[in-house]
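Heads up: the structure comes next, in structure tokens.
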Amino acid sequence: MDRVAIVIGACLIAVGIGGFVASGNVAPTALIPAYVGVVLAICGMIVLFQPTTRKHVMHLAATIGLLGFLAAIGRPIAVLAHGGSPPALAMFSFVSMALLCGLFVILAVRSFIAARRARLGQ
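Below you can see the structure in the form of structure tokens.
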């Protein structure tokens with residue numbers, strides 16, 4: 064999972080920086096996926112270099128991924144509920160972040176289940 068966290072983190076960083084550049088460097092909120100990506104990538108690197116921290120750090124990464132997913136789907140819902148519509152660039156960032164964070168959470172949960180089964184000898 065450490066390498067998965069790094070790859071997903073790098074993808075989120077690319078989405079954030081790409082959104083910021085595409086907005087003409089005027090929308091600092093476009094960097095939100097990059098911030099989430101940096102945290103995930105750091106978690107992956109910590110585990111890569113300190114394998115004894117795997118359990119705690121990957122649980123932290125899964126929590127960050129879940130919060131990123133909820134934030135990414137929550138913002139467009141809030142805008143749409145108030146009768147607005149988010150700009151296309153923002154929608155792309157929201158959807159990309161939701162997909163990447165959601166994928167990470169699913170993979171993390173599957174990894175946690177597999178680790179538990181292996182530990183219990185099932």
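Read in order, the letters of the sequence shown are residues 64 to 185 in this note's numbering. Glycine is no exception: its CB is placed at the ideal position from the N, C-alpha and C atoms.
Cβ pair count under 8 Å reaching 3, the stretch 150 to 160 against the stretch 174 to 184: no
Option in Cys164, Gly184 and Ser174 with minimal Cα separation from Ala134: Cys164
Simplified DSSP state of Val89, which is helix, strand or coil: coil
Proximity of Leu75 and Gly107 at Cβ, strictly below 8 Å: no
Cβ-Cβ distance between Ser148 and Pro96 below 8 Å: Taking 8 Å as the cut-off, the beta carbon of Ser148 is found no closer than this to the beta carbon of Pro96.
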